[in-house]
Amino acid sequence: MKWFNSDRRREGGRDENNQIPVENNHREEERKITQRREFFRVVYPVNASPKITNLSARVVDISVHAVKFELPAESSFSQMDIDNAIGVIITFHDGHTINTSGKILKKNRLDDKCVFVCIFDVEISPEIINKEQSYLLKNFPDFCRKTFNFEASESSA
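Under our numbering, the first residue of the sequence shown is numbered 4, with each subsequent residue one higher.
Okay, structure coming up:
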């Protein structure tokens, strides 16, 4: 008797590469919903987000290529439009500051605030993104579980 039976494996729904097609499609769809962007973004809780000090703005999320931030609607900077060039000085939780520039890609005006997406002219260091991700995972685990839907994978284990 063979210890490995390929017919039995096929009965279980696996292909010859030991992959479960339904499971792979589901995981791929889940990733598309969570992170539809080309580059990973660090999403911040309101009380732990970095500040863009020269604009008095709060960072909503950041990647190596872009930052999403919000301003009060009454701020003079909320008048910026798409394709405007801007300089940003971002101060992180540990006091580290980066000074970079970019242009406004998107603008969304809500009742009491404006949300902007700024594409950087030069990408920021991936180490900054990794450090911020580690900080959030360590200090805000519940926020990370909720944001990245970790409960679903934990409950199925």
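All C-beta atoms, glycine included, are put in the ideal place defined by N, C-alpha and C. Keep in mind the model is a prediction, meaning the values are calculated, not measured.
Q) When you compare only the Cα positions, how much space is there between A88 and I101? A) If you number the sequence shown from 1, residue 88 lands on position 85. If you number the sequence shown from 1, residue 101 lands on position 98. C-alpha separation (whole angstroms): 17 Å.
Q. Candidates T94, N57 and S104: which alpha carbon is nearest S79's?
A. Position 76 of the sequence shown, counted from the start, is the residue given in the question as residue 79. Nearest option by C-alpha distance: N57.
Q) Does the region 135-144 come close enough to the region 102-116 to have 3 or more Cβ pairs within less than 8 Å? A) Remark: fewer than three beta-carbon pairs, one from each stretch, lie closer than 8 Å, so the region 135-144 and the region 102-116 are not flagged as touching.
Q: Reducing DSSP to helix, strand and coil, say where P75 ends up.
A: Your numbering for residue 75 matches position 72 in the sequence shown. Annotated three-state conformation of P75 is strand, per DSSP.
Q.
Taking a contact to mean a Cβ-Cβ separation below 8 Å, would you say I196 touches F72 in this structure?
A. The structure shown does not extend to residue 196, since the chain is modelled only from 4 through 160, so no value can be given for it.
Q) Rounded to a whole number of angstroms, what is the C-alpha to C-alpha distance between S59 and M83? A) Walking along the sequence shown from the start, residue 59 turns up at place 56. Walking along the sequence shown from the start, residue 83 turns up at place 80. Answer to the nearest angstrom: the Cα atoms are 14 Å apart.
Q. Assuming V223 contacts E135 under a Cβ cut-off of 8 Å, what Cβ separation, rounded to an integer in Å, is found between them?
A. The structure shown does not extend to residue 223, since the chain spans only 4 to 160, so no value can be given for it.
(Q) Measuring alpha carbon to alpha carbon, tell me which residue in I65, R148 and D97 is nearest V91. (A) In the sequence shown, the residue the question calls residue 91 occupies position 88. Between V91 and the set I65, R148 and D97, the nearest pair of CA atoms involves I65.
Q) Who are the Cβ neighbours of P144 in its own chain at under 6 Å, not counting the five residues just before and after it? A) Against the sequence shown, residue 144 aligns to sequence position 141. Non-local beta-carbon contacts of P144 in its own chain, meaning distances under 6 Å to residues more than five positions away in sequence, are absent.
**Q.** DSSP three-state assignment for D145, whether helix, strand or coil
**A.** Counted from its first residue, the sequence shown places residue 145 at position 142. Look at D145 here: in three-state DSSP terms it is helix.
Q | Under the three-state DSSP convention, the category S66 falls into | A | For the purposes of this step, residue 66 is taken as the residue at position 63 of the sequence shown. Under the three-state reduction of DSSP, S66 is assigned to coil, being neither helix nor strand.
Q) Pick from G98, D124 and D115: whose alpha carbon is nearest that of L74? A) Looking up residue 74 in the sequence shown gives position 71. Minimum Cα distance to L74 is reached at D115.
Q: Using the Cα positions of N133 and F146, report the straight-line distance between them to the nearest angstrom.
A: Within the sequence shown, residue 133 is the residue found at index 130, counting from 1. Within the sequence shown, residue 146 is the residue found at index 143, counting from 1. Those two C-alpha atoms are separated by around 17 Å.
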